[in-house]
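**Student:**
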Amino acid sequence: MLRSERFNIKKIAIVGILGGISAVLGLTPLGFIPVGPTRATIMHIPVIIGAIMEGPVVGALVGLIFGLSSIFQAIMSPTPVSFVFLNPLVSILPRVLIGIVSYYVYELFKKMEKKASKTILLLIWIFVLCYLIFTFATGIMGEAKIWESIFSFILIVLTFLVGYYSNKKLQNNAIEVVASAAAGTLTNTLGVLSFIYLLYGQDYALKLGLDPDKVGKFILGIGITNGIPEIIVAIIIVTSVVASLEKRA
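Numbers in the numbering used here are just positions in the sequence shown, counted from 1, shifted up by 229.
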């Protein structure tokens, strides 16, 4: 009984810590990382880490805190399109699902044959590096700000380091962490944007001064433009954090 109580207290503490981090990231500029010309959100990353390390319930609860902080931000710092985040289907449900999806994708990839998992993992890291090198090169040749190019270069170096470190520390478990990070990020991006389109498509377009008939293409463009950098950043951060926590454990 005492052991079970300690276990529950530990999980409650982790929910509080990760939920607090997610809320702070969402309410401050710290929640955005520049990747080339775009800004990748990282507010959902504590949800994924909680799910991987402590299970779907912890992940879902951290996601709930993340979602509630989105509603709070929409009320306290409104923008023309903040009204969409007042609906829990947009602000809360996708964030809760991040924790659930991340955990079960993690468990699913645990069962993958090791040779196949190493091949997939290698392809993922190659894609990440190619994308970052492309954004760095286009930034240098284009009109990107110098700090954007510097940050892109830093991400390239971090990708090499995290890929090597995770392969050494996580060994055969790296693919499930990477897949979980990608799936959790996709759940957030696709979930939020899909509900915005289904529930508020026309109103959302009018608030932004867009043609309502083209709002679907506009939202899809947001998903592609922001989704890929967010997946890449999530893979880098989640993999490095989980590898460090696994080492301590």
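From the three backbone atoms N, C-alpha and C, an ideal C-beta is built for every residue, glycine too. In this text, all values refer to a predicted model and were calculated from it rather than measured experimentally.
(1) Would the beta-carbon of serine 299 fall within 9 angstroms of that of glycine 255?
(2) Using the beta-carbon count (16 or more within 10 Å), is alanine 269 buried or exposed?
(3) In three-state DSSP terms, what is isoleucine 271?
(4) When you compare the CB positions of glycine 413 and isoleucine 304, do they come within less than 9 angstroms of one another, or not?
(5) Does DSSP put isoleucine 362 in a helix, in a strand, or in coil?
(6) Determine the burial state of leucine 290: buried for a count of at least 16 other Cβ atoms within 10 Å of its Cβ, exposed for fewer.
(7) Might you give, ordered along the chain, the residues of its own chain that have their beta carbon closer than 7 angstroms to the beta carbon of valine 325, omitting 5 neighbours on each side?
(8) Does the count of Cβ pairs from the segment 415-423 and the segment 445-453 closer than 8 angstroms reach three?
(9) Which residues mark the beginning and the end of the alpha helix (DSSP H) in which serine 409 is found?
(10) Take glycine 245 and list the residues in its own chain whose beta-carbon comes closer than 7 angstroms to its own, dropping the five residues that flank it on each side.
(11) For isoleucine 277, I'd like the list of residues in its chain whose CB is within less than 8 angstroms of its CB, leaving aside the five on either flank, ordered along the chain.
(12) Going by C-alpha to C-alpha distance, which of Ile262, Ile281, Pro258, Ile385 sits closest to valine 470?
(13) Consult DSSP for isoleucine 241 and reduce its assignment to one of helix, strand or coil.
(14) Would a C-beta distance cut-off of 9 angstroms place isoleucine 465 and valine 391 closer than the cut-off?
(15) In three-state DSSP terms, what is isoleucine 262?
(16) Comparing C-alpha positions only, which one of Ile274, Gly284, Gly248 sits nearest to threonine 418?
(17) Might you give, ordered along the chain, the residues of its own chain that have their beta carbon closer than 7 angstroms to the beta carbon of lysine 436, omitting 5 neighbours on each side?
(18) Quick check on tyrosine 453: buried or exposed, where buried means 16 or more other Cβ atoms within 10 Å of its Cβ?
(19) Grab me the residues of alanine 434's own chain with a C-beta within less than 8 angstroms of its C-beta, minus the 5 sequence neighbours each way, in chain order.
(20) For tyrosine 360, which residues of its own chain have a beta-carbon under 7 angstroms away from its beta-carbon, when the five flanking residues on both sides are left out?
(21) Locate the alpha helix (DSSP H) running through methionine 305, then write down its first and last residues.
**Tutor:** To lay it out plainly:
(1) yes
(2) buried
(3) Isoleucine 271 falls in the coil class under three-state DSSP.
(4) no
(5) helix
(6) buried
(7) Ala289, Gly292, Leu293, Gly296
(8) yes
(9) 403-436 is the span of the alpha helix (DSSP H), which, as asked, contains serine 409.
(10) none
(11) Gly288, Ile327, Gly328, Ser331, Ser409, Ala410, Gly413, Thr414, Ala463, Val467
(12) Ile281
(13) helix
(14) yes
(15) strand
(16) Threonine 418 has its Cα closest to that of Ile274, out of Ile274, Gly284, Gly248.
(17) Pro309, Val310
(18) First, the residue type needs correcting, since residue 453 is isoleucine and not tyrosine in the sequence shown. That one is exposed.
(19) Asp440, Pro441, Lys443, Val444, Phe447
(20) Correct list, in chain order: Ile457, Ile461.
(21) Annotation: the continuous alpha helix (DSSP H) that includes methionine 305 extends over 285-305.
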